[in-house]
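Participant: Quick one: this structure, given as C-alpha cells, is what I'll be asking you about.
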Amino acid sequence: MGALSWAKVKTGIRYAALAVVSVIMVFPFIWMFLISITPKNEVYSGSILPSTFHFENYIRVFTDTKMLLYLWNSISVSLIIIVFQIVSAIFAAYVFTTVRKKWVQFCFVLILATYMLPSAVTYIPSFILLSKVNLLDTHTGYILSEFISIFAIFFLRQSFVQVPKEVVHAAKLDGAGHLRLIFTVYIPYCKNAIASLVLITFIYSYNNYMWPSLLIKSEENMFVTIGLRRLFMSQAGYGMDFPLAMAACAVSLLPMLILLAVASKRIIHSMANLYVNK
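Mind the numbering: the sequence shown is residues 4 to 281 in this note's numbering, read in order.
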C-alpha cells in the first residue's frame, strides 16, 4: 500500500512539474494576448490585466495594416513549397531506400553533407542566380530557391526504411511497379510521418525571415515575418502602438495553431513510431 501511495505521489509530482513548465511556455502568448486588448495608455502602467478590453485592435489589424495581404502571401507560398518539397522528398527517399547501389548511397551521403553547411552560405550564390534570371523580388524566385529540402529527404528516408520488407515483397509479387509501391505501400504506411513533415515545412517556410528579407522588397510581395518587422519599425519609439503590434502577432500565429490542432495526433503517432523503432 505504501509503494502504491508513493507511486501516486511521484505521478502527481510529474504532472505538477509538467503543469508548471506548460504555464511558463504559454505565459508569453497569454501576455501577448493581454497586451493586444489593453488600451494604449495603460501599456506602461505595470498592470497585467487591462481595465477595459479593446478587441477592436484585431479589427484594426486588417483595416489599418496590410496584414491580410501578408497572410495570403505567406500561406499561399508556404503551401506551394510544401507540395514541391514533399513530392520531391518522397521520390528521393524512395530511391535512397530501395536502390542499394554504391553510387546512390554515396549521393545520399553527399546530400547529407551539404545539410551541415549553414543556410547563410547559400544566400549569395542563390541571390546571384535569381538576379540573372530576373526573379528577384518575386514569389517564383523564392519558391524555386526552396524547391528541395534536404531535411525532408532525410526524414522520409528514415521513415521509408521502417516499412516492412514483407509488405514490399508481397506488393512486388503482385506486380507492383515503382509508382504503385510509392502510392500504395510507402505513402500509406508513412502517412503520419508525412503529416509531421507537412507541419514542420509549413512552420519553417511561414516563419522564414532572413532569406525572404533579402529577396523580397516590394510591399505587395511581402510575407508575414517581413510585414511584422515593417509594422514595428514604422512605429519605433516610446509612442509605439504596442496593442496593435501584439494583435498583429497574435493573428500571425493563427495559421500555425490551426494546422497544429488538425495534425497533432498524426505528429504524436509519427514521433512515437520513430522512438519505438530506434
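Glycine included, C-beta positions come from ideal geometry on N, C-alpha and C. Nothing here was measured: the structure is a model prediction, and the numbers come from that model.
Ile16: buried (16+ other C-beta within 10 angstroms of its C-beta) or exposed?
Facilitator: Taking the sequence shown and counting its residues from 1, the one referred to as residue 16 is at position 13. Ile16 should be labelled exposed.
Participant: Since Leu138 is in the alpha helix (DSSP H), which residue starts that stretch and which ends it?
Facilitator: If you number the sequence shown from 1, residue 138 lands on position 135. It is not in any alpha helix (DSSP H) - Leu138 carries neither H nor E in the DSSP assignment.
Participant: For Ile201, count neighbouring C-beta atoms within 10 Å of its own C-beta (all shown protein chains included) and say buried if the count is 16 or more, exposed if not.
Facilitator: If you number the sequence shown from 1, residue 201 lands on position 198. Contrary to the premise, residue 201 reads as Val rather than Ile in this sequence. Burial call: buried.
Participant: Assign Phe32 to one of three DSSP states: helix, strand, or coil.
Facilitator: In the sequence shown, the residue the question calls residue 32 occupies position 29. The answer is helix: DSSP assigns Phe32 an H, G or I state.
Participant: Whole angstroms is fine: what's the gap from Phe163's alpha carbon to Tyr189's?
Facilitator: By one-based count along the sequence shown, residue 163 stands at place 160. By one-based count along the sequence shown, residue 189 stands at place 186. One C-alpha to the other measures close to 6 Å.
Participant: With the cut-off set at 7 Å, would you say Gln88 and Thr204 are in Cβ contact?
Facilitator: In the sequence shown, residue 88 corresponds to position 85, counting from 1. In the sequence shown, residue 204 corresponds to position 201, counting from 1. Cβ distance < 7 Å, so Gln88 and Thr204 count as in contact.
Participant: By how many angstroms is the C-alpha of Ala173 removed from the C-alpha of Ala19?
Facilitator: For the purposes of this step, residue 19 is taken as the residue at position 16 of the sequence shown. For the purposes of this step, residue 173 is taken as the residue at position 170 of the sequence shown. The straight-line gap from Cα to Cα measures roughly 49 Å.
Participant: Note down, in chain order, each residue of its chain lying with its Cβ closer than 8 Å to the Cβ of Leu282, except the 5 sequence neighbours on either side.
Facilitator: Lying outside 4 to 281, the shown extent of the chain, residue 282 is not represented and no answer is given.
Participant: Helix, strand or coil for Met236 per DSSP?
Facilitator: On the sequence shown, residue 236 is found 233 positions in, with the first residue counted as 1. Met236 falls in the helix class under three-state DSSP.
Participant: Starting from the Cα of Thr141, find the closest Cα among Pro128, Asn76 and Phe158 and give me that residue.
Facilitator: Taking the sequence shown and counting its residues from 1, the one referred to as residue 141 is at position 138. Of Pro128, Asn76 and Phe158, the residue nearest in Cα terms is Asn76.
Participant: With a CB to CB cut of under 6 Å and the five nearest residues on each side skipped, what residues in its chain are close to Ala250?
Facilitator: As a position in the sequence shown, residue 250 is number 247, starting the count at 1. Closer than 6 Å at the Cβ level, and outside the excluded window around Ala250, lie Ser39, Asn60, Tyr61 and Val64.
Participant: I need the straight-line Cα distance from Met236 to Thr187, nearest angstrom please.
Facilitator: Against the sequence shown, residue 236 aligns to sequence position 233. Against the sequence shown, residue 187 aligns to sequence position 184. Taking the straight line joining both Cα atoms gives about 51 Å.
Participant: Quick one: what does DSSP say Asn282 is sitting in, helix, strand or coil?
Facilitator: Residue 282 lies beyond the range of the chain shown here (4 to 281); nothing can be said about it.
Participant: With Ile219 and Met225 assumed to form a contact (beta carbons below 8 Å), what rounded beta-carbon distance in angstroms separates them?
Facilitator: Sequence index remark: in the sequence shown, residue 219 carries index 216 (1-based). Sequence index remark: in the sequence shown, residue 225 carries index 222 (1-based). That belief holds up - the Cβ atoms of Ile219 and Met225 are roughly 6 Å apart, short of 8 Å.
Participant: Do you know offhand how far Val279's Cα is from Ala179's?
Facilitator: Looking up residue 279 in the sequence shown gives position 276. Looking up residue 179 in the sequence shown gives position 176. In this predicted model, Val279 has a pLDDT of only 49, less than 50, meaning its place in the structure is not dependable; the value taken from the coordinates is given anyway. So the alpha carbons of these two residues sit roughly 29 Å apart.
Participant: One question on the structure: do Ile197 and Met259 come within less than 7 Å of each other, judged by their Cβ atoms?
Facilitator: Within the sequence shown, the letter at position 194 stands for residue 197. Within the sequence shown, the letter at position 256 stands for residue 259. Not closer than 7 Å, so no.
Participant: If you measure between the beta carbons of Tyr118 and Ile84, is that distance less than 7 Å?
Facilitator: Within the sequence shown, residue 118 is the residue found at index 115, counting from 1. Within the sequence shown, residue 84 is the residue found at index 81, counting from 1. Taking 7 Å as the Cβ cut-off, Tyr118 and Ile84 do not qualify as a contacting pair.
Participant: Taking the alpha helix (DSSP H) that Tyr97 falls in, what are its first and last residues?
Facilitator: Residue mapping note: residue 97 aligns to position 94 of the sequence shown, counting from 1. Residues Met70 to Thr101.
Participant: Of the choices Glu223, Ser221, Ser216 and Pro246, whose alpha-carbon is the least far from that of Arg232?
Facilitator: Counting from one through the sequence shown, the residue named residue 232 turns up at place 229. The shortest C-alpha separation from Arg232 is found at Ser216.
Participant: Three-state secondary structure (DSSP) at Ser152?
Facilitator: Locating residue 152 in the sequence shown gives position 149, counting from the first residue. Three-state result, Ser152: coil.
Participant: Quick check on DSSP: helix, strand or coil for Gln165?
Facilitator: Here residue 165 refers to the residue found at position 162 of the sequence shown. Note: Gln165 maps to coil in three-state DSSP.
Participant: Classify Val46 as helix, strand or coil using the three-state DSSP reduction.
Facilitator: Taking the sequence shown and counting its residues from 1, the one referred to as residue 46 is at position 43. Coil at Val46, not helix or strand.
Participant: Take the Cβ of Met28 as the centre, count every other Cβ of all protein chains shown within 10 Å, and call the residue buried at 16 or more, exposed below.
Facilitator: Working through the sequence shown from its first residue, we reach residue 28 at position 25. Answer is exposed; the Cβ neighbour count stays below 16.
Participant: Find the nearest neighbour of Val86 within the set Val254, Ile151, Ile51 and Ser221, judged by alpha-carbon distance.
Facilitator: Position 83 of the sequence shown, counted from the start, is the residue given in the question as residue 86. Ranking the options by Cα distance to Val86, first place goes to Ile151.
Participant: How would you write the range of the alpha helix (DSSP H) that Leu184 sits in, first residue to last?
Facilitator: Here residue 184 refers to the residue found at position 181 of the sequence shown. First-last of the alpha helix (DSSP H) with Leu184: His181 to Leu184.
Participant: Go ahead and label Asn195 buried or exposed: buried means 16 or more other beta carbons lie within 10 angstroms of its beta carbon, across all protein chains shown.
Facilitator: If you number the sequence shown from 1, residue 195 lands on position 192. So Asn195 ends up on the buried side.
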